[in-house]
Amino acid sequence: MNRAEVQDRPDVRRYGRRAFLGVVVAGVSALAWADRLSRHVGGGLAQLEALVPSSGWRIYTIGDSMPEFDRTTWRLRVDGLVERPLELSYDDLLALPRAKQTSDFHCVTGWSVRDVRWEGVRFRDLLAAARPRREAHALRFVSAEHPYDDTLSLEQAYLADAMLAHRMDGRPLTQAHGAPVRVVVPEMYGYKNVKWVERIELLPKAVDGYWEQRGYDRDAWVGRSNGFG
Amino acid sequence: MHWIHAAAFFVLLGSGLVLYLPALSELVSRRGLVKAVHIDTALAWAAALLLVVLVGDRRGLSRTLGELDGFDADDLRWLRGGRAPQGRFNAGQKLNAALTAAFAVLFAVTGFLLWYGERDTRFRWASTILVHDGLMYVSVVLLAGHLYLALIHPATRQALSGITFGSVDEEWARKHHSKWVEEIELRSSAD
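In order, the protein sequences belong to chains A and B. Residue numbering for the first sequence follows the numbering used here, beginning at 93 and increasing consecutively. Residue numbering for the second sequence follows the numbering used here, beginning at 135 and increasing consecutively.
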């Protein structure tokens, strides 16, 4: 018995494989234009994102659990090449001169969150009491999430929109975002914005931090580093 | 075959959402482990597909592929909303299969680039994660429709026994997949 297979009939069009190939090609091509499109459609996309419980943020960690913040026992150490090493309590930190800003956050993996409201201390104000020595040209931020760390040159830390933030979007920094303090340096990718900072060490020059040791750029300028731009 | 897809899809979606949604990332926290589960599941799924193709009923698979690929005039009429006799797979099921397969390929490609881009900066593109995300959103919508038709919608949920046990109610098949029943009858009468 010769059973005519479905696909041998003359009136049958192979739309299935065409649909399959068409979608694959369209999808692969999107690798070339999706980023540009999202920047143009930005506003609309943001509204769409509001429908999803993601707020645009993704929480990245390197450990098995996030550091806990105990308001009474937490201390921020400032040491290294300084005249006066410091140990600031959370209240000491809150008493320092405050700066506010609204800036964008860009992750090197390709997502961004726009218009984040930060409040914190400018590094000049933070380091004033410690008095960095003349040989100090860089800051190393050590996170409580060991072994995460990263560095900024003093010049980079003194950028007008760089700060050690303790409030985000009108509330004290939450655990997921690095409570109680995190580095905010909007002109660089997220990995430079160290969370759960417990120690700031003044160094003669910048060194490779956690992600630099894994191949990322030290001067992580948004759009001009890590293969972008 | 279908249940390999289903199982893998749910694990990938679950682990993916933990990596993606802050509320879940905070709850689960073990990003390294979840990432490993996500990637290993994708690899296991690909390996399982290969295994099925190598040791399974290749003729049966080939016939199914042919049926899913072919659209005739009745299919096109059905897609435009009209009533038309359908074969073993109705046009909607064929379209779903084509889209799902395409998405699987795209997920694999973008997923690979996300993983590889972490190791070689030349392959870290901003668009990659946007496409991977976009695929996820569309897939979840398609999945919702798929589950509705498979579990709730009276006219189609009979198909669940087909994909699970391999057989469906004959009267329902005559009504919804008449050309398939005709083919079977033709075959058995000619034997």
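Glycine included, every Cβ here is placed at the ideal spot set by N, Cα and C. Bear in mind the structure is a predicted one, so any value in this text is a computation, not a measurement.
Exercise. Grouping DSSP H, G and I as helix and E and B as strand, with all else coil, what is arginine 391 of chain A?
Worked result: Here chain A comprises residues numbered 93 to 321, so residue 391 of chain A is not present and cannot be evaluated.
For this session: Using a Cβ cut-off of 9 angstroms, pull out every chain B residue sitting near glycine 270 of chain A, in sequence order please.
Result: Locating residue 270 of chain A in the first sequence gives position 178, where the first residue counts as 1. Those within 9 angstroms of glycine 270 of chain A in chain B number zero; the least Cβ separation is about 12 angstroms.
Exercise. Since aspartate 296 of chain A and glutamate 227 of chain A are thought to touch, with beta carbons under 8 angstroms apart, how far apart are those beta carbons, to the nearest angstrom?
Worked result: Residue mapping note: residue 296 of chain A aligns to position 204 of the first sequence, counting from 1. Residue mapping note: residue 227 of chain A aligns to position 135 of the first sequence, counting from 1. Checking the sequence, you will find proline at residue 296 of chain A rather than aspartate. About 5 angstroms separates the beta carbon of proline 296 of chain A from that of glutamate 227 of chain A, a gap short enough to meet the 8 angstroms contact definition.
For this session: Closer than 7 angstroms, Cβ to Cβ, to anything on chain A: give me those residues from the region 206 to 225 of chain B, in chain order.
Result: In summary, the residues of the region 206 to 225 of chain B whose CB is separated from some CB of chain A by less than 7 angstroms are Asp206, Ala207, Gly221, in the order they occur in the chain.
Exercise. Run through DSSP, which three-state label would histidine 198 of chain A get?
Worked result: Counting from one through the first sequence, the residue named residue 198 of chain A turns up at place 106. Histidine 198 of chain A falls in the strand class under three-state DSSP.
Exercise. How about isoleucine 263 of chain B: is its C-beta nearer than 8 angstroms to some C-beta of chain D?
Worked result: No chain D is part of this structure, whose protein chains are labelled A and B.
Exercise. Alpha carbon to alpha carbon, how far is alanine 254 of chain A from tryptophan 259 of chain B?
Worked result: Residue mapping note: residue 254 of chain A aligns to position 162 of the first sequence, counting from 1. Residue mapping note: residue 259 of chain B aligns to position 125 of the second sequence, counting from 1. For alanine 254 of chain A and tryptophan 259 of chain B, the distance between alpha carbons rounds to 26 angstroms.
Exercise. Based on Cα-Cα distance, which residue from B/Gly200, B/Leu199, B/Lys228, B/Met135 lies nearest to lysine 209 of chain B?
Worked result: Numbered from 1 along the second sequence, position 75 holds the residue referred to as residue 209 of chain B. Reading off the sequence, residue 209 of chain B comes out as aspartate, not lysine. Of the candidates B/Gly200, B/Leu199, B/Lys228, B/Met135, the one whose C-alpha sits nearest the C-alpha of aspartate 209 of chain B is B/Lys228.
Problem set entry | Secondary structure of methionine 135 of chain B, DSSP reduced to three states | Position 1 of the second sequence holds residue 135 of chain B. Assigned with DSSP and collapsed to three states, methionine 135 of chain B falls in coil, not helix or strand.
For this session: Less than 8 angstroms between the CB atoms is what I'm expecting for alanine 176 of chain B and alanine 242 of chain B, so what's the real figure, rounded?
Result: Within the second sequence, residue 176 of chain B is the residue found at index 42, counting from 1. Within the second sequence, residue 242 of chain B is the residue found at index 108, counting from 1. The C-beta distance from alanine 176 of chain B to alanine 242 of chain B rounds to 7 angstroms, short enough to meet the 8 angstroms contact threshold.
Exercise. Short check: CB of tyrosine 289 of chain A to CB of leucine 168 of chain A, under 8 angstroms?
Worked result: Translated into the one-based positions of the first sequence, residue 289 of chain A becomes position 197. Translated into the one-based positions of the first sequence, residue 168 of chain A becomes position 76. Tyrosine is not the amino acid found at residue 289 of chain A; the sequence shown has valine there. Cβ distance < 8 angstroms, so valine 289 of chain A and leucine 168 of chain A count as in contact.
Exercise. How about arginine 190 of chain A and valine 208 of chain A: are their beta carbons less than 8 angstroms apart?
Worked result: Counting from 1 along the first sequence, the entry for residue 190 of chain A is found at position 98. Counting from 1 along the first sequence, the entry for residue 208 of chain A is found at position 116. Taking 8 angstroms as the Cβ cut-off, arginine 190 of chain A and valine 208 of chain A do not qualify as a contacting pair.
For this session: Over the uninterrupted beta strand (DSSP E) stretch that includes glutamate 293 of chain A, give me the two end residues.
Result: As a position in the first sequence, residue 293 of chain A is number 201, starting the count at 1. Annotation: the continuous beta strand (DSSP E) that includes glutamate 293 of chain A extends over 289 to 295.
Problem set entry | Minimum C-alpha distance to valine 276 of chain A - residue among A/Ala221, A/Arg223, A/His198, A/His229 | As a position in the first sequence, residue 276 of chain A is number 184, starting the count at 1. Nearest option by C-alpha distance: A/His198.
For this session: Indicate whether at least one CB of chain A lies closer than 8 angstroms to the CB of tyrosine 154 of chain B.
Result: Taking the first residue of the second sequence as 1, we reach residue 154 of chain B at position 20. Chain A contact via Cβ: present.
For this session: Just the chain B side, please: which residues come within less than 7 angstroms of leucine 123 of chain A by C-beta, in chain order?
Result: To locate residue 123 of chain A, count along the first sequence from 1; it is residue 31. Within chain B, the residues near leucine 123 of chain A are Trp259, Ser261, Thr262, Val265.
Exercise. Looking only at C-alpha atoms, which of A/Leu188, A/Ala187, A/Ala268, A/Asp183 sits nearest to glycine 155 of chain A?
Worked result: Position 63 of the first sequence holds residue 155 of chain A. Among A/Leu188, A/Ala187, A/Ala268, A/Asp183, the Cα nearest to that of glycine 155 of chain A is on A/Ala268.
Exercise. Can you tell me whether arginine 274 of chain A is buried or exposed, with buried defined as 16 or more other CB within 10 angstroms of its CB?
Worked result: For the purposes of this step, residue 274 of chain A is identified with residue 182 of the first sequence, where counting begins at 1. The residue is buried, with at least 16 neighbouring Cβ atoms inside 10 Å.
Exercise. Alpha carbon to alpha carbon, how far is asparagine 94 of chain A from tryptophan 125 of chain A?
Worked result: What you label residue 94 of chain A is simply residue 2 of the first sequence in a count that begins at 1. What you label residue 125 of chain A is simply residue 33 of the first sequence in a count that begins at 1. With a pLDDT of 41 at asparagine 94 of chain A, under the threshold of 50, the predicted position of this residue should be treated as unreliable, though the coordinate-derived value follows. Rounded to whole angstroms, asparagine 94 of chain A to tryptophan 125 of chain A spans 50 angstroms at the Cα level.
Exercise. With burial defined as no fewer than 16 other Cβ atoms inside 10 Å of the residue's Cβ, what is the status of histidine 172 of chain B: buried or exposed?
Worked result: Here residue 172 of chain B is taken as the residue at index 38 of the second sequence, counted from 1. Histidine 172 of chain B comes out buried.
Exercise. For the region 233 to 248 of chain B against the region 303 to 311 of chain B, are there 3 or more C-beta pairs whose distance is under 8 angstroms?
Worked result: The region 233 to 248 of chain B and the region 303 to 311 of chain B do not touch, with fewer than 3 CB-CB distances between them shorter than 8 angstroms.
Exercise. Closer than 8 angstroms, CB to CB, is valine 55 of chain A near chain B or not?
Worked result: In this structure chain A extends from 93 to 321, so residue 55 of chain A is not present and cannot be described.
For this session: Give, in chain order, every residue of the region 300 to 319 of chain A whose Cβ lies closer than 7 angstroms to some Cβ of chain B.
Result: Listed in sequence order: Gly307, Asn318, Gly319.
Exercise. Between the Cα of aspartate 300 of chain A and the Cα atoms of A/Val234, A/Leu186, A/Ser121, A/Pro102, which residue gives the shortest distance?
Worked result: Here the question's residue 300 of chain A lines up with position 208 in the first sequence. Distance check between aspartate 300 of chain A and each of A/Val234, A/Leu186, A/Ser121, A/Pro102 places A/Val234 closest, using alpha-carbon atoms only.
Exercise. So, helix, strand or coil for histidine 55 of chain A, using DSSP?
Worked result: The shown model of chain A, from 93 to 321, leaves out residue 55 of chain A, and the question about it has no answer.
For this session: Using a Cβ-Cβ cut-off of 8 angstroms, state whether glycine 212 of chain A counts as contacting chain B.
Result: Here the question's residue 212 of chain A lines up with position 120 in the first sequence. Glycine 212 of chain A does not count as touching chain B.
Problem set entry | Integer-rounded CB distance, given that threonine 255 of chain B should sit under 8 angstroms from asparagine 285 of chain A | Sequence index remark: in the first sequence, residue 285 of chain A carries index 193 (1-based). Sequence index remark: in the second sequence, residue 255 of chain B carries index 121 (1-based). Not confirmed; about 19 angstroms, so no contact.
Exercise. Given that a residue counts as buried once 16 or more other Cβ atoms are within 10 Å of its Cβ, and exposed if not, what is serine 121 of chain A?
Worked result: Counting from one through the first sequence, the residue named residue 121 of chain A turns up at place 29. Burial is judged here by how many other beta carbons sit within 10 angstroms of a residue's own beta carbon; serine 121 of chain A has fewer than 16 and is exposed.
Problem set entry | Endpoints, the beta strand (DSSP E) within which arginine 167 of chain A is located | If you number the first sequence from 1, residue 167 of chain A lands on position 75. Looking at the DSSP string, the run of the beta strand (DSSP E) that includes arginine 167 of chain A is 167 to 172.
Exercise. Under 8 angstroms between the Cβ atoms of valine 314 of chain A and tyrosine 283 of chain A?
Worked result: Counting from 1 along the first sequence, the entry for residue 314 of chain A is found at position 222. Counting from 1 along the first sequence, the entry for residue 283 of chain A is found at position 191. Inclusion of valine 314 of chain A and tyrosine 283 of chain A in the CB contact set at 8 angstroms is not warranted, their separation being larger than that value.
Exercise. Would the region 135 to 142 of chain B and the region 238 to 250 of chain A be scored as touching if the rule is three or more Cβ pairs under 8 angstroms?
Worked result: Flag = no, the region 135 to 142 of chain B and the region 238 to 250 of chain A do not touch.
Exercise. Out of B/Thr234, B/Leu161, B/Leu247, which has the shortest C-alpha to C-alpha gap to leucine 277 of chain B?
Worked result: To locate residue 277 of chain B, count along the second sequence from 1; it is residue 143. That would be B/Thr234, whose Cα lies nearest to the Cα of leucine 277 of chain B.
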